[in-house]
Structure formats: C-alpha cells, structure tokens
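At the far end of the sequence shown sits residue 571, using UniProt numbering, and the numbering has no gaps.
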Amino acid sequence: MGAVEEERPSQGFFGSSSAAGFMRQIRTAVDRRVASPHRRSSVPHTAVPSSLMPTRSERHQSSVTNYVLPPRKMADSLMEVYWEYVFPLYPFLVPGEMKSEYMKIWTGDSLEYDENMLMCTLNVIFALASQLADFVPPTEREELADAFFSRAKGLFQFNLWDSGSSGLIQCLLLMAQYLQSTDSAHQCWIVTGLAIRNAQSLGLHLPQNIARLRTFQEQQLGRKIWHGCVLMDRVISMTFGRPAMISKASSGAVPLPAAVDDDYIPSGSTKEVFQPPNRPSMMAFYAKSLELYEIMNDMLLSLYKPISDDNGEDIHDFYFDNSASEGERTIFELDRSLTRWTRSLPPHLRGDSSVSANAVFCRQSIVLRARFLHVRMLLFRPTLSKYCAVRDNTTAYPLVSTNDSFPHRVALQCSVICVKAAQESIELIYNNVPADGTGGPLPAWWYNILYVYTSATVLIAGRLCAAILAEVTESSVVQSWNHALEVLRKYQSYSTSAHRCVAALEILYEQVTSEGLLPIGHVPSHKIGANTSGGNDMSFGEGMNAAILDTFEFPDFQDMSWLNSVPSNLF
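The following block contains the structure:
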C-alpha cells in the first residue's frame with residue numbers, strides 16, 4: 001500500500017492519493033479541531049529537502065580511496081570539451097559549484113559534494129567528452145570513453161531501497177546522454193527511467209515543491225533537473241519508438257528554467273534574478289528545445305498510434321483521421337504549433353547574423369534548426385507513407401478520381417514538404433561538417449547519424465512517387481542522397497552504427513530504384529508496404545516496412561535500435 005507515515009523523509013515524496021497523504025490530511029483536520037498549546041503545528045510535509053545543494057552533514061566519506069584520474073592535462077581538456085560543447089545544450093549542472101569541486105579534487109581540499117558521487121559524475125563527463133573531443137582520434141574515442149564509463153559504473157552506488165538525491169539524478173541524466181553514443185539501447189532506456197523516478201520521489205515534478213526551495217539558484221536547479229528528465233524522456237521515447245514516461249500534464253506543471261545564465265545568479269539570493277538587458281541568455285536554447293520536444297510528443301501521441309483498418313474506404317480519415325480521440329491533435333493543429341514556435345524564437349536562435357560571431361549561439365541555432373527539421377519530418381512522414389501506399393480507387397468514388405480528391409492533393413503537398421525537410425536537414429549537416437574531422441557547430445555525431453538516416457529513408461519514400469518527384473525533381477533527390485551517404489561515411493570511423501546505416505540504405509535504395517521511377521500505381525503491390533501494421537514492420541516509417549525488403553536481411557539490426565525511425569505502433 002506504500003508508506004503510511006510521514007515521519008520518514010528518506011522514503012521520498014508522497015502525493016495526495018497515497019495513504020501517507022490521506023493521513024496527513026486527517027491529522028491537519030484533527031489539529032484544527034483540537035487546539036492545544038502543547039501540540040506542535042502540523043505543516044504539510046513534502047519529504048523534499050529544503051535545499052538541493054549538498055551540505056557537510058549530508059556528505060558520506062567513501063571507503064574507496066584509490067580513485068583513478070586521467071593525467072591533469074587530459075582531464076582539464078575533457079572538462080573544457082564538456083563545458084563548451086555539451087553543457088550549452090544540456091545544462092544539467094551548476095557550473096560554478098562543479099568547477100570548484102573539480103579543482104578541490106586536485107588540491108586535496110575538503111569537498112562539499114558526496115565524494116563518491118562526484119568522482120562517478122566526473123568519470124561520466126570524461127566518457128561523454130571523449131566521444132566528442134577533437135583531440136582524440138575517432139578510432140580511439142570509443143575505447144577511451146568506455147574506460148571512463150567503466151570506472152563510473154564501478155563508483156556508482158545506487159541502492160533501490162534508498163531515496164535519491166539531486167546529485168544522483170544529475171549523474172543518471174549524464175549517463176543517459178553518454179549511452180546514446182553507444183549500442184547500449186536497453187541501458188540508456190533504463191537509466192533514463194531511473195532518473196525520472198528519483199526526480200519524482202523528490203517531488204521535483206510539483207511546482208509548489210520547487211517554490212519551497214530556499215534560493216533562486218536552487219529553484220533554477222530544480223527546474224533544470226526536472227526538465228532534464230522531461231527532455232531525455234521525450235528524446236529517448238522518440239528514438240526508441242516507445243511510450244513516454246512523463247505525462248503531458250506533469251511535464252508542463254513545473255515552470256521552464258528561467259532564461260538567466262548561471263553567471264548572473266547570486267548563490268544566496270532569494271529573489272528572482274533576470275538576465276541583463278541586451279545580453280542573450282544561453283539558457284533560452286534549453287527552454288525552446290523543451291517546447292519543441294513537447295510538440296514532438298504530441299505528434300507521437302496523435303499520429304504514431306496503432307493503425308486501424310476501419311477507415312480504409314474513407315480517404316479523408318485515411319490521411320488525416322478526422323475523428324481524433326480526446327487529447328489528440330490533428331496534423332494541421334500540430335503544424336500550427338510548430339509555426340508559432342518558430343515565430344517565438346529569439347533572434348540569437350534564428351541564426352541572426354548580428355550574433356553569429358558568438359560560437360555558442362551559432363551552434364545553438366544550428367542544433368535547434370536540425371532538431372526542428374527532424375520534428376517536421378516526423379509530422380509529415382505518416383502522410384507521406386500513406387501517400388506512397390494509396391491506390392486510385394474509382395469504384396469507391398465514381399465521380400472523382402482518388403488522385404483528384406482534395407485529401408489526396410493535400411497529402412501530396414504534405415509529402416512534398418516532408419521530402420524537402422529531409423533535404424534541408426541533410427544539407428544543413430552536410431554544409432556544416434568540417435573538412436578537418438572536428439565536430440564543428442553541429443549536434444553530437446550520434447544525433448547527426450540519426451537525422452541523416454531518417455532523412456535518407458524519407459528520400460527513398462519520396463522517390464517511389466512520380467508526383468512528388470515532379471515537384472522536388474529527381475536530380476535534387478539524388479544530390480541529397482549522395483550528400484547523406486557522404487556524411488554517414490564520414491562517421492564510419494566514429495561508430496559501427498554508421499556502417500550499418502550505409503549498408504541498409506544502399507540496399508534499400510537499390511530495391512526501390514530497380515523497379516524504375518514509375519507512378520506508384522504501376523509498381524507491383526508486393527513491393528509496397530500496404531499493410532503498415534504488420535508484425536514485420538522494420539521501422540522505416542509507415543509504408544516503408546519489411547514488405548519492401550522481402551529479399552533483404554539486415555545484419556545485426558537490433559544493435560542499432562536507437563537509430564531506428566519511430567515505429568507505427570507505440571503501444
């Protein structure tokens with residue numbers, strides 16, 4: 001039944017539906033009815049620490065004394081990679097405090113953080129930075145990163161029977177980030193879930209608990225940590241094609257982190273702090289990313305749901321599902337949300353030339369555009385796949401050809417937009433991959449692989465339809481395709497997943513082009529995935545399923561599950 005007492009804060013937060021919550025309400029009612037000078041006042045107990053910052057009384061000295069650290073020069077370089085390349089996109093830590101604790105490791109001064117958790121977190125940072133460091137040869141990054149992460153796992157002390165802490169959640173979020181760069185899909189999924197559950201056990205999903213934290217810095221940290229859980233939940237759900245753990249109501253209950261850089265937040269201030277005027281905030285990117293991914297989550301819930309064959313004869317419902325269930329949104333409403341989101345972007349995140357000289361803002365604007373294009377593809381891809389599979393049925397509509405119907409015409413334009421977004425995504429990454437092999441202003445390389453791979457599958461779907469090619473032209477599709485393969489080949493030295501992507505796409509492309517670029521109605525039906533809800537769906541998107549690859553076997557396909565497109569069935 002769960003906890004029935006509120007006297008054990010170590011058990012974490014319990015809401016009003018719990019037995020402990022009910023007992024708290026009864027006790028409050030009794031206290032109000034029976035006043036006594038000797039009775040202590042009953043204050044609603046939240047089981048949330050009054051501070052998210054570590055104190056000396058909370059520290060636990062580890063019995064492990066032989067910590068292994070890389071040489072100081074390498075450690076400093078890896079930390080610099082993290083602060084310059086990772087933190088501006090994923091601000092899960094407090095820079096001033098973490099940098100101070102890092103220096104104390106070398107000077108031998110007493111730490112404010114739990115020693116074991118700090119060393120574990122540092123090793124995760126080293127592992128993540130190793131995958132992105134330009135000074136580490138790509139062929140050596142995986143081995144170096146794995147060495148650091150193995151040390152982190154050895155230091156990681158998590159007991160299922162103990163309550164979590166803010167430091168634990170931050171470490172888990174960093175672990176989930178790192179695991180995205182590996183083939184450890186299951187571990188990435190589980191670690192993200194652990195972070196979410198621990199955050200909820202601290203009550204960080206409730207705005208009133210965040211408001212009770214003592215200083216503005218702690219409130220900001222609480223918001224960043226909770227929304228870090230939301231961010232990773234949305235991204236992992238999309239890449240794995242699984243249901244999100246955090247509900248829409250819960251994700252939006254806690255206010256987004258304020259657009260104020262940590263440099264301008266005094267450590268002891270209890271009042272709200274604002275960013276100086278005429279100084280764009282690095283944190284604005286984080287808030288806008290969260291808004292974008294919430295729109296993406298709406299898409300997954302509304303458009304990537306189990307497919308019913310009941311509306312097969314109704315071309316309106318076939319394309320746009322006019323009878324959306326409660327809480328779902330149509331493709332038109334989702335597109336409007338995306339448009340409003342783009343209009344709300346501050347100038348420094350639009351690629352404005354006046355702030356392009358700032359390397360951080362330049363990279364943030366490019367990363368945000370890459371994310372936007374990927375989300376836009378997800379919006380229109382279900383319509384594209386249906387458009388590729390539909391047949392002209394004159395018996396159902398004797399007076400109007402299917403190809404001349406209004407929904408079919410709208411579906412064509414949605415398909416064209418999807419293909420053009422795929423082309424733009426490929427060109428964005430292709431044009432910003434530095435020739436010298438460095439990371440450049442792009443997202444992390446594993447995201448680039450995901451974006452390019454998803455875009456390439458959209459190009460293949462688009463090439464199936466003569467009507468789409470008439471608007472985007474075959475030559476431009478071929479150019480985008482060549483650029484996509486060129487980008488993926490550049491990343492082959494980073495990961496074996498890139499190898500498998502190239503092989504899968506080339507064989508799939510040969511399967512499609514071997515039929516010739518005929519109108520879709522003339523392509524043999526066994527080559528088109530008409531039944532998109534079949535059990536052999538290989539997640540190339542609805543319509544691009546295993547039926548089109550009936551003669552092809554993917555080698556070890558499950559190892560690259562995090563690179564798959566969103567399946568048609570999330571449940």
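All C-beta atoms in this analysis are idealised placements derived from N, C-alpha and C, irrespective of residue type, glycine included.
The structure displayed is predicted, hence computed values, not measured ones.
Closest in alpha carbon position to M296, among I265, S337, A199, is S337. For the 8 Å CB-CB criterion, K104 and L93 do not form a contact. Take the alpha-carbon of L508 and the one of G164: they are about 46 Å apart. DSSP, reduced to helix, strand and coil, places E272 outside both helices and strands of the structure shown, so it counts as coil. Annotation: the segment 452-482 contains the following complete segments of the alpha helix (DSSP H) (minimum length 4 residues), in chain order: 466-472. With contacts defined by Cβ atoms closer than 8 Å, I460 and S415 do not form a contacting pair.
Rounded to whole angstroms, the Cβ separation of I246 and I196 is 6 Å, and the two are in contact under 8 Å. Here DSSP, grouped into helix, strand and coil, assigns S281 to coil. Nearest to E294 by C-alpha distance, out of T270, A253, Y67, A259, is A253.
Taking 8 Å as the cut-off, the beta carbon of Y304 is found no closer than this to the beta carbon of H374. Using a 10 angstroms sphere on the CB of P280, the tally of other CB atoms reaches 16 or more, which defines it as buried. In summary, E272 is exposed, with fewer than 16 beta-carbon neighbours lying within 10 Å of its beta-carbon over all protein chains present.
Exclusion of the five residues before and after S425 leaves L373, Y451, S455 as the residues of its chain whose Cβ lies within less than 6 Å of its Cβ. Runs of the alpha helix (DSSP H) lying entirely within the segment 154-215, each at least 4 residues long, are 166-179, 185-201, 207-211 in chain order. The DSSP-derived three-state label of E140 is helix. Take the alpha-carbon of V360 and the one of V433: they are about 16 Å apart. When rounded, the separation of the alpha-carbon atoms in P407 and D317 is 9 Å.
For E333, the enclosing alpha helix (DSSP H) stretches over residues 331-343. Taking C-beta atoms under 8 Å as the contact rule, N123 and R141 fail to qualify, at a distance of about 15 Å. Exposed is the label assigned to K99, since fewer than 16 other Cβ atoms lie within 10 Å of its Cβ. Using a Cβ-Cβ distance cut-off of 8 Å, the segment 206-222 and the segment 177-196 are not in contact, since fewer than three pairs of beta carbons, one from each stretch, lie closer than that value.
Contact check for H483 against Y430 passes: the beta carbons are separated by less than 8 Å.
Residue burial annotation: F240 is buried, with at least 16 other C-beta atoms found within 10 angstroms of its C-beta.
In this structure, the straight-line span from the alpha carbon of D436 to that of Y319 is close to 45 Å. Of the candidates P71, L256, T339, P443, the residue whose Cα lies closest to the Cα of Y85 is P443.
Pairing L69 with F126, the inter-Cα distance amounts to about 10 Å.
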